[in-house]
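Enquirer: In the working numbering, the protein residues as written are 7 to 382. Cβ coordinates follow ideal geometry from the N, Cα and C atoms, glycine included. From a predicted model like this one, the values you see are computed outputs, not experimental measurements.
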């Protein structure tokens with residue numbers, strides 16, 4: 007397979023996203039031109055480190071680059087004040103200077119945490135994203151959103167801090183557990199649903215083969231997703247308008263993640279998939295899109311073996327009012343009004359802050375009352 011390159015055009019903060027097989031082995035040569043001195047610090051997590059850290063170390067060593075690494079615990083709970091403090095203190099222990107470079111090796115948790123640590127360390131240190139999960143390759147590694155979770159909600163503390171380079175090695179996707187891969191696929195589907203109906207058509211045709219391991223299809227899906235996000239970020243870096251469309255499904259998702267304690271009961275991408283299905287159902291109930299459209303969304307998620315309803319989340323969920331209260335902590339809330347990303351059809355999403363409370367309540371009541379399903 008050839009190498010794909012997507013440019014994120016942000017003036018002085020521009021950078022490239024490289025997508026292809028074997029990029030981990032080329033990391034030293036690709037990162038060396040960015041270095042003021044031949045040393046880097048790597049933030050990663052234990053599961054990723056066991057799979058990929060030594061290969062990264064060898065690639066860096068081949069270019070004469072020294073590497074120190076901190077391995078954090080896996081899971082969303084690491085994106086916390088404690089995780090941030092540990093990361094920043096460790097980077098200071100490593101005497102990382104403003105001219106140095108930090109590498110974020112891992113999924114969305116590590117990318118978000120490492121990026122935020124770099125944003126606040128010495129008022130800004132450069133970093134490179136080496137995303138190893140599908141979710142991180144198509145979404146969280148691109149666009150400069152960094153942050154941590156608090157008891158109030160997800161990603162409520164953070165900063166915009168763009169990476170200097172993103173290396174998306176398609177080979178790392180083959181090491182993902184099936185559940186983690188499908189969770190990342192929730193973000194891939196989101197891109198088709200929000201602004202590219204032809205891409206959603208392509209996913210309906212090729213999704214099963216992509217999920218089964220076809221590397222060429224996986225690279226195409228990652229490139230298409232990154233290209234769409236890069237174009238939106240270039241037009242609206244700090245989410246003053248259009249970039250909010252990338253949050254399709256996330257108002258529901260973030261509330262569900264908080265309700266499940268940011269635990270393995272619900273992975274972020276699973277919450278996105280469920281949230282997208284709920285957003286289309288809400289759109290249909292408001293008369294914004296045809297009644298059959300939510301069914302098409304859920305049918306594709308089911309065909310991929312993914313979560314599509316609240317009943318797919320194991321364990322009990324809080325009631326409708328508690329979920330709505332959690333939605334009230336979402337970053338998109340303005341003047342106390344919930345803002346949802348809704349759709350007039352597949353590929354035609356828009357921002358809406360006029361959802362009738364009774365319609366939202368009825369949707370959640372029906373979703374919570376539906377029978378529980380076995381995990382896909």
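Might you give, ordered along the chain, the residues of its own chain that have their beta carbon closer than 8 Å to the beta carbon of residue 28, omitting 5 neighbours on each side?
Expert: 175 and 177, listed in sequence order.
Enquirer: Are the CB atoms of residue 171 and residue 366 within a distance shorter than 9 Å?
Expert: no
Enquirer: According to DSSP, residue 13 sits in a beta bridge with which residue or residues?
Expert: In the DSSP assignment, the residues bridged to residue 13 are 22.
Enquirer: Between the beta-carbon of residue 47 and the beta-carbon of residue 77, is there less than 9 Å?
Expert: no
Enquirer: For residue 8, which residues of its own chain have a beta-carbon under 8 Å away from its beta-carbon, when the five flanking residues on both sides are left out?
Expert: Around residue 8: 26.
Enquirer: Rank 279, 35 and 198 by C-alpha distance to the C-alpha of residue 307 and give the top, closest one.
Expert: When only C-alpha atoms are compared, the closest one is 279.
Enquirer: How is residue 181 classed by DSSP in three states: helix, strand or coil?
Expert: Residue 181 carries a helical assignment under DSSP once its states are collapsed to helix, strand and coil.
Enquirer: Between the segment 32-41 and the segment 106-124, can you find at least three pairs of beta-carbon atoms closer than 8 Å?
Expert: Contact between the segment 106-124 and the segment 32-41 is present, because at least three Cβ pairs lie under 8 Å.
Enquirer: Assign residue 156 to one of three DSSP states: helix, strand, or coil.
Expert: strand
Enquirer: Measure the beta-carbon distance from residue 85 to residue 115 and round it to whole angstroms, keeping in mind my assumption that it falls under 8 Å.
Expert: 5 Å
Enquirer: Expressed to the nearest angstrom, what Euclidean distance is found between the alpha-carbon atoms of residue 69 and residue 42?
Expert: 14 Å
Enquirer: Is DSSP giving residue 138 helix, strand or coil here?
Expert: coil
Enquirer: Using only the alpha-carbon positions, how far apart do residue 206 and residue 132 sit?
Expert: 35 Å
Enquirer: DSSP on residue 163, reduced to helix/strand/coil?
Expert: Looking at residue 163 - three-state DSSP - the assignment turns out to be strand.
Enquirer: Span of the alpha helix (DSSP H) holding residue 353?
Expert: Segment: none, residue 353 is in no alpha helix (DSSP H) and carries neither H nor E.
Enquirer: In angstroms, rounded to a whole number, what distance separates the CA positions of residue 344 and residue 196?
Expert: Roughly 20 Å separates the two Cα atoms.
Enquirer: By a C-beta neighbour count over all protein chains shown, 10 Å radius and 16 as the cutoff for buried, is residue 183 buried or exposed?
Expert: exposed
Enquirer: Kindly indicate the opening and closing residues of the beta strand (DSSP E) around residue 50.
Expert: 45-51 is the extent of the beta strand (DSSP E) around residue 50.
Enquirer: Cβ of residue 16 within 9 Å of Cβ of residue 168?
Expert: Between residue 16 and residue 168, the C-beta spacing is below 9 Å.
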